[in-house]
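Below is one structure, written out as structure tokens; comments come after it.
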Amino acid sequence: MALACALLAVLVANGRPIGATRPTERAAASLAGEGDLDLDEYPEVEDPFARTVGDHRVSIYPVLSAVLATPVFLAARAAFLLDETGTALCGKWAASLFTAVAAAVLFLLIGRRHPHAEAATAAALFALGTSM
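So the number in the working numbering is just where the residue sits in the sequence shown, counting from 1, plus 1294.
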């Protein structure tokens, strides 16, 4: 738990949004705000990151990350607007939270067969040294 909290703090420390998560952020914000996963209300997400299906624009990425991130967006919506800055902040927090949890799980799995110092190093390298 301590490792996950420390990694979460490091991951959000720079405060910069993650540009690559823009379509997923917008899909999660749409689910939190309107109850759907379309990107109709976000014209700034353009091709090749969105496509038209029927009458709606949707992300090209699978929706599982957006669905899992929605609780973060719902909690944040109670505190501030999900405008450009708020959505970027929520996306940063959700991605950082997912990465910290994944690193903690990796630590637990490696720690079953290797010393905890090695497991912590592997988890930190995974969280901070990859594109996770």
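Backbone N, C-alpha and C define an ideal beta-carbon position, used for all residues, glycine too.
No experiment lies behind these values; they were computed from the predicted model shown.
Give me the residue from the options with the minimum Cα distance to residue i.
i	options	result
residue 1354	1362, 1364, 1339	1339
What do you get for residue i, buried or exposed, if any count of 16 or more other CB atoms within 10 angstroms of its CB means buried?
i	result
residue 1316	buried
residue 1352	buried
residue 1370	buried
Just verifying my parser: in three-state terms, what is the DSSP assignment at residue i?
i	result
residue 1399	helix
residue 1325	helix
residue 1309	coil
residue 1339	coil
Give a yes or no on contact between the stretch 1385-1400 and the stretch 1299-1307, applying the rule of three or more CB pairs nearer than 8 Å. A contact exists between the stretch 1385-1400 and the stretch 1299-1307.
Mind listing, in chain order, the continuous beta strand (DSSP E) runs of no fewer than 3 residues lying wholly within the stretch 1341-1396? Fully contained in the stretch 1341-1396 are the following beta strand (DSSP E) runs of length 3 or more, in chain order: 1344-1347, 1350-1353.
The stretch 1320-1333 touching the stretch 1409-1420, judged by at least three CB pairs closer than 8 Å: Between the stretch 1320-1333 and the stretch 1409-1420 there are fewer than three inter-stretch CB-CB distances shorter than 8 Å, so the stretches are not counted as touching.
Whether or not the stretch 1303-1311 and the stretch 1375-1390 are in contact is what I'm after, with contact meaning three or more pairs of Cβ atoms, one per stretch, closer than 8 Å; do they touch? At 8 Å Cβ cutoff, the stretches touch.
Inter-stretch contact at 8 Å, needing at least 3 Cβ pairs: the stretch 1373-1381 / the stretch 1317-1324: Flag = yes, the stretch 1373-1381 and the stretch 1317-1324 touch.
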